[in-house]
Every structure is written in structure tokens, then in C-alpha cells.
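So in my numbering, the last spot in the sequence shown is 178, and the numbers never skip.
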Amino acid sequence: MEGNERYVSGNSKTHDFKSEREALVSGQNPFVSVLGCSDSRIAPEYAFDTARGDLFAIRVAGNFVTDEGLASLEYAVAVLGAPLILVLGHESCGAISAGIKAVKDHTVFPGHIPKLTDALKPSIEKVLNQPGSLIDNATAQNVKDSVNRLKNASPLLTDALSKGTLKIVGGVYRLASGKVDLIA
Ligand SMILES: [Zn+2]
């Protein structure tokens, strides 16, 4: 969150990529694994002003948990020893918008895009009748549901949680300010 404050205020560190690259040839030691959206406006390494080797990223449009994404997160925790997982949603998410169109208007998207909208449907349906902005509510619900799914992913993540070596949190990235608000 301190890195996010630097990013928001325009005081990101200057990274010497050449020396960072060379220092990390023998391994990596990420302190966080981020499950974020593929959206080109949100690069988690920039948003938290992290260096090479700091942040293990899993990105899929709509930032929901896939089997392969879960396997990657388990690798980050069990093999690399990452002590924190962050599920990072964001404002104006195109995948969430598409999911809402699929739920409300029964829009059928071409190709494999329904794989995304189908995965997001349960979270969207939970907040359909809530007051306020549907896309904001669905974005928050999807983050919370993804955090809960990870918290119950046995055995690797649940074991690390119960040992106290892992925390799982969720946040939403604000597009205009770059600020991340923790919501789960
Ligand atoms: Zn998105």
C-alpha cells in the first residue's frame, strides 16, 4: 500500500532494470501474488511501484479464479513463499460489463468470450437488485467471491492460512487516481 501511495502521488521510484535483472538471475522472492485483470490500464507492478522479483502476477480479464490461476497462486505461496495474495478488481471493467450484458440482456458474445461472462455470472446475479451502481457492486462482489474461493482452496492455501504464513485480501483499483482501496 505504501508503493501504491507513491504511484498515486507521482513519486514512483526510478527502477534500474539492468541491475535488477542481473541481481535476480538466480531466483525470485515475491512478497505478493496479485490476481488482477488483463486490462491494459492496470499494471500491478506499476500500481504498487514494485521492482523485478517483488510481485508474482496472474492476470485474466475479469480477475476471477481459474484452475490454472489457482495453481499459479499455489506455486507462488508453496514454492516461492509469497506471504500475501491480493485479488485486484478495477473500475470500468470490460469483462464485468460484458457479464452484466450476458445476465441482463442475454447477450451472447462470440468465440470463447462466454467463458469469461459465465464465470462472472454468479457474482453479478448476487448484486442484481442491490441499490447503487450495478457495475461497481458486481466488481466488488467478484473480488469478495474470488477471495473467498481462494481462502477455501484446500489444501495448500488453507494450510498456509491456518499456519499464519499467508494472508488473502481483495482491493479495487480506481482508474483516475490509481488508488487501490482494500475491500476484503
Ligand atoms: Zn477488467
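The beta-carbon is built from N, C-alpha and C at its ideal position, and this holds for glycine as well.
* Among Arg0, Ser148 and Asn131, the one whose alpha carbon lies nearest that of Val166 -> Asn131
* Any heavy atom of ligand 1 closer than 8 Å to the CB of Ile129? -> no
* Run through the segment -5 to 25 for me and flag every whole alpha helix (DSSP H) of 4 or more residues, listed as ranges in chain order. => -4 to 2 and 11 to 17
* Could you give the residue range of the beta strand (DSSP E) that holds Asp61? -> No beta strand (DSSP E) contains Asp61, which is instead part of the alpha helix (DSSP H) from Asp61 to Ala72.
* To do: Would you kindly work out how many angstroms separate the C-alpha atoms of Ala154 and Ile90, rounded to a whole number?
  => 30 Å
* Limits of the unbroken alpha helix (DSSP H) element including Asp112 -> Ile107 to Lys120
* Asked: Would you say Val137 faces chain B, with C-beta separation under 9 Å as the test?
  -> Going by chain labels, chain B is absent from the structure shown, which holds only one protein chain.
* Asked: If you draw a straight line from the C-alpha of Phe103 to the C-alpha of Ala51, how long is it?
  -> 27 Å
* To do: Could you tell me the boundaries of the beta strand (DSSP E) in which Leu169 lies?
  => Here Leu169 belongs to no beta strand (DSSP E), and DSSP marks it neither H nor E.
* Hey, is Ala88 close to ligand 1, as in C-beta under 8 Å from one of its heavy atoms? -> Correcting the residue type first, residue 88 is Gly in the shown sequence and not Ala. Yes, ligand 1 has a heavy atom inside 8 Å of this Cβ.
* Measure the C-alpha to C-alpha separation of Asn136 and Gly4 and round it to an integer number of angstroms. => 29 Å
* Asked: What three-state label does DSSP hand Arg80 in the structure shown?
  -> According to the sequence as given, residue 80 is Leu; it is not Arg. Note: Leu80 maps to strand in three-state DSSP.
* With 16 other CB atoms within 10 Å as the buried threshold, where does Leu169 fall? -> exposed
* Cross-strand partners of Lys161 (DSSP beta bridge) -> Leu78
* Asked: Candidates Leu110, Asp10 and Arg53: which alpha carbon is nearest Asp43's?
  -> Asp10
* **Backbone CA spacing between Val97 and Leu128 [nearest angstrom]** => 12 Å
* For Ala134, the three-state DSSP class (helix, strand or coil) -> helix
* Assuming Ser140 and Val71 make a contact with CB atoms under 8 Å, what is their CB distance in whole Å? -> Actually they do not touch by this definition, with Cβ atoms about 15 Å apart.
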